[in-house]
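Written below as structure tokens is the structure these notes are about.
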Amino acid sequence: SPIGYNPRSNPATYTGVFDDIRDVFALTNEAKMRGYKKGRFSFNVRGGRCEHCNGDGVIKISMHFLPDVYVPCEVCEGTRYNYETLQIKYRGKSVADVLNMTIDEALKFFVNHPKIHAKLQTIQDVGLGYIKLGQSAPTLSGGEAQRVKLASELYKRITPKTLYILDEPTTGLHTDDVKRLVKVLHKIVDQGATMVVIEHNLDVIKNADYIIDLGPDGGDRGGEVIATGTPEEVAKNDRSYTGRYLKPLLDLK
35 SPIGYNPRSN PATYTGVFDD IRDVFALTNE AKMRGYKKGR FSFNVRGGRC
85 EHCNGDGVIK ISMHFLPDVY VPCEVCEGTR YNYETLQIKY RGKSVADVLN
135 MTIDEALKFF VNHPKIHAKL QTIQDVGLGY IKLGQSAPTL SGGEAQRVKL
185 ASELYKRITP KTLYILDEPT TGLHTDDVKR LVKVLHKIVD QGATMVVIEH
235 NLDVIKNADY IIDLGPDGGD RGGEVIATGT PEEVAKNDRS YTGRYLKPLL
285 DLK
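When the letters of the sequence shown are read in order and numbered with this note's numbering, they come out as residues 35 to 287.
Below, the structure written as structure tokens:
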């Protein structure tokens, strides 16, 4: 399922790393002097958020006969926070600045915070180093949303009864990112979970323990089970198009 259609949902909040980041800001000397607690740095509650836009960062303009238009809030300029909250800085950055960082940038910024760094590393490991911490959930593609959710699952207790179903998680990924994603999938499986992946990417398929190849073609000319078994077994099946392209990757003759 998607990580949420609410614009307030983002990778930082969904994975839980934003809780740890808010702790860091609450522990700064300036925040302590002003009596600001962790909740001050949430854009979902009164106190630290911009009340003009209720922490959305945007204002909705209703259009007659046309879709609604969203424009940046003129008070907070899209930061979501009020002036007082933005005065609290950690290493020269406000909480809004941090939410505007990419995962790659945040990894370097929080290198001295093991707990935060570990969670960010997991997001990067699933190939999402380029997205922003505070990027609104509706702006993420289906594949990106799946991988954010997958990253968050790595911090939960995985048991042999845990089942994950992923639909084309490699869509839009560079080859290097696909390899990193496969390592994450192996890590989850090694902890006892079952992973069902619907995929066309051969680099993922060749790493499967068991393949169910549907075909022979797509759409209404498919749906038949063409081959089943290990990658090596499917590669030897002459009826399988997947097997035909899988064979050279497995160095089979």
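Cβ coordinates follow ideal geometry from the N, Cα and C atoms, glycine included.
When we look at the beta-carbon of residue i and count the other beta-carbons within 10 Å, is it buried (16 or more) or exposed?
i	result
S175	exposed
M135	buried
K94	exposed
R80	exposed
L154	buried
I96	Looking at the sequence itself, residue 96 is Ser, so the reference to Ile does not match. Label assigned to S96: exposed.
T47	buried
D90	buried
T209	exposed
D211	buried
P359	Given a span of 35 to 287 for the chain in the structure shown, any question on residue 359 remains unanswerable.
P203	buried
F59	buried
For the alpha helix (DSSP H) holding residue i, just list the boundary residues, first then last.
i	result
T209	T209 to D224
V238	L236 to I239
I137	I137 to F143
I150	P148 to D159
A289	Absent from the structure is residue 289, since the part of the chain shown begins at 35 and ends at 287.
V182	G176 to E187
Compute the Euclidean distance between the alpha carbons of residue i and residue j, then round it to the nearest angstrom.
i	j	result
T156	E64	31 Å
L236	Y279	8 Å
K217	E267	23 Å
Y275	K240	14 Å
D289	K72	No statement about residue 289 is possible, as the shown extent of the chain runs from 35 to 287 and does not include it.
V253	K270	Before going further, note that residue 253 is Gly rather than Val in the sequence given. Their Cα atoms are separated by approximately 24 Å.
S76	L219	32 Å
L284	E258	24 Å
Q180	G249	25 Å
L141	K123	18 Å
L215	G161	7 Å
V145	E233	34 Å
R83	Y115	4 Å
V223	L184	12 Å
G69	Y117	16 Å
S128	I55	11 Å
V231	V182	16 Å
M67	T119	13 Å
C110	V132	16 Å
H151	V238	27 Å
A242	L100	47 Å
K166	P282	38 Å
G126	F143	11 Å
C87	R74	16 Å
R273	N78	55 Å
Which residues in the same chain have their Cβ closer than 6 Å to the Cβ of residue i, if we skip the five residues on either side of it in sequence?
i	result
T205	G177
I246	T262
L286	A269
L207	G161
Sorted by chain position, which residues of the same chain lie with C-beta nearer than 8 Å to residue i's C-beta, five sequence neighbours on each side aside?
i	result
Y244	T262, G263 and T264
D138	Q158, G163 and Y164
G277	D247, A261, V268, A269, K270 and N271
V92	P41, Y104, V105, P106, C107 and G112
T193	G226 and A227
G256	L248, G249 and P250
Less than 7 Å between C-beta atoms, sequence neighbours within five positions excluded: which residues of the same chain meet that for residue i?
i	result
V103	I95 and M97
A130	T113, R114, Y115 and L120
If you follow the beta strand (DSSP E) that residue i is in, where does it begin and where does it stop?
i	result
K94	V92 to I95
A242	Where A242 is concerned, there is no enclosing beta strand (DSSP E), given that its DSSP letter is neither H nor E.
V51	Looking at the DSSP string, V51 is not in any beta strand (DSSP E); the run it does join, the alpha helix (DSSP H), is V51 to A60.
A171	No beta strand (DSSP E) contains A171, which DSSP labels as neither H nor E.
E233	It is not in any beta strand (DSSP E) - E233 carries neither H nor E in the DSSP assignment.
Y198	L197 to D201
V103	V103 to P106
Does the beta carbon of residue i fall short of 8 Å from some heavy atom of the ligand SAH?
i	result
S128	Although the ligand SAH was asked about, the structure shown includes no ligands whatsoever.
Segment contact, 8 Å Cβ cut-off, at least three pairs: the segment 161 to 171 with the segment 41 to 48: yes
Is the segment 225 to 242 touching the segment 188 to 204 in the sense that three or more CB pairs, one from each, lie closer than 8 Å? In short, these stretches touch, since the Cβ pair count reaches three.
Would you check if there are 3 or more beta carbon pairs closer than 8 Å linking the segment 183 to 190 to the segment 58 to 73? no
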